[in-house]
Amino acid sequence: MLALRKRLSAEDKDVSTSGDTFDTSLLDAVRRAQRRYGLNPSGIVSTQTLAALNVSATDRVRQIMANMERWRWLPQDLPRDRIQVNIAAAVLTVFDGDTPVQSMRAVTGRPGDETPMLSSTIHSIVINPPWNVPTSIATKELWPKEKANPGYLKRNGFKVIDGTRLQQQAGDQSALGRFKFDFANDYSVYLHDTPSRAKFASFSRLSSHGCVRLEKPGELADLLLKGDPAWTPESVDAAVAKGDTVRARLTKPVSVYLLYWTAFASGNGQMNFRADPYDWDGILASKIEARTARQTLAAR
């Protein structure tokens, strides 16, 4: 218990380093640590918790270094009204200046289907969107399901277009749910609703093919359309209920940033860490160290 207390106290000034029992104060400290690492705050010192606690200070410094480098890639002054998605933490936050005004859980790309880092502008919201299935997903996942279970595609609202492409019709079964938030990018990704809600209860939410699924897309739509007399919350609800596919263009397009933060400070300055699911931290840190070595050699 002393070793656990000592380790926790390195990041948490409220942890006492004396005591050899797992008392209430130590339980609370473990839960705080688990929240800092994005783990289930059960208070149980699980395998995941031990792994996070056993990351060396050197590795944490490299992690912070990689994240600081990513900050340098961003404009010095970010737009006042913006949406930020932390891909690694799978969380979306809407900002008014430096003040978060809305936050929700998200599901981001699993390793191998990474959600890309990018910046763009949300220009419209598609209500009751159909899903134009990417060829890779159709080939690897949907056509094999149809072969194994004839009629699968029809039962799930898919139709074949031009003899080759698959499209899932809008509705309760649609993989995009009732809302799709469009922004220009080279990766064909977007933010969207989903009928599959179970994953939002998980503390590990890297499960998509690269797009970002949202826990509360209706609330985000209402916020982005606020002040537009053509799209009051009531009219949005009516459009959803009617079922037709319609596009609501934003009178005030909103900047969106998909960012990969595995080390970040909370509002009170407390450092938080996440795993590096895409192995991007190590690659970037190695490049920074190599650059520093070259600069040091050149300066001699």
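Under our numbering, think of the first position of the sequence shown as 3, with each following residue one higher.
Virtual Cβ for every residue (Gly too), placed ideally from N, Cα, C.
Put simply, the backbone Cα of L299 is about 54 Å away from that of R199. Residue environment analysis places V256 among the buried positions, since at least 16 neighbouring C-beta atoms fall within 10 angstroms of its C-beta. Two segments are said to touch when three or more pairs of C-beta atoms, one from each, lie closer than 8 Å; by this definition the stretch 211 to 231 does not touch the stretch 54 to 64. Where Q86 is concerned, the enclosing beta strand (DSSP E) starts and stops at D83 to N88.
Counted as a single uninterrupted DSSP element, the beta strand (DSSP E) harbouring A108 occupies residues T101 to G111.
For M70, there is no enclosing beta strand (DSSP E); the enclosing alpha helix (DSSP H) covers residues A59 to R74. DSSP places A267 in the strand class (E or B) of the three-state scheme. Secondary structure at P255: strand, using DSSP grouped into helix, strand and coil. Residue nearest to D115 within the set C213, R276 and L222 is C213 (criterion: CA-CA distance). Scanning the stretch 205 to 230 from its first residue to its last, the whole beta strand (DSSP E) runs of 3-plus residues come out as 208 to 210 and 214 to 216. By the neighbour-count criterion, in which a residue is buried when 16 or more other Cβ atoms sit within 10 angstroms of its Cβ, A295 is exposed. The stretch 135 to 175 contains, as complete beta strand (DSSP E) runs of 3+ residues, the segments 160 to 163 and 167 to 170 (chain order). Close CB contacts of E71 within its chain, under the 7 Å cut and outside five residues either way in sequence, are with L286 and I290 (chain order). Counting the other Cβ atoms within 10 Å of the Cβ of L10 gives 16 or more, which makes it buried.
A residue is called buried once 16 or more other Cβ atoms fall within 10 Å of its Cβ, and Q272, having fewer, is exposed. When the alpha-carbon of N130 is set against those of D283, E221, G159 and Q171, the nearest one is in Q171. DSSP places D98 in the strand class (E or B) of the three-state scheme.
F275 sits away from R74, with the two beta carbons spaced by 8 Å or more.
CA-to-CA, the gap between K149 and I163 works out to about 18 Å. In the DSSP annotation of this structure, S126 is not part of any alpha helix (DSSP H); the continuous beta strand (DSSP E) holding it starts and ends at L120 to I129. Looking at the DSSP output, M273 bridges to A267. The shortest CA-to-CA distance from L261 to any of S210, L168, A31 and A91 is the one to A91. Looking only at T137, S20 and R215, the smallest Cα-Cα distance to L4 is reached by S20. In the structure shown, W233 adopts coil according to DSSP, grouped into three states. Taking all protein chains shown into account, P279 has 16 or more neighbouring C-beta atoms within 10 Å of its C-beta and is therefore buried.
The C-alpha of A108 is placed about 5 Å away from the C-alpha of R215.
Residue environment analysis places K182 among the buried positions, since at least 16 neighbouring C-beta atoms fall within 10 angstroms of its C-beta.
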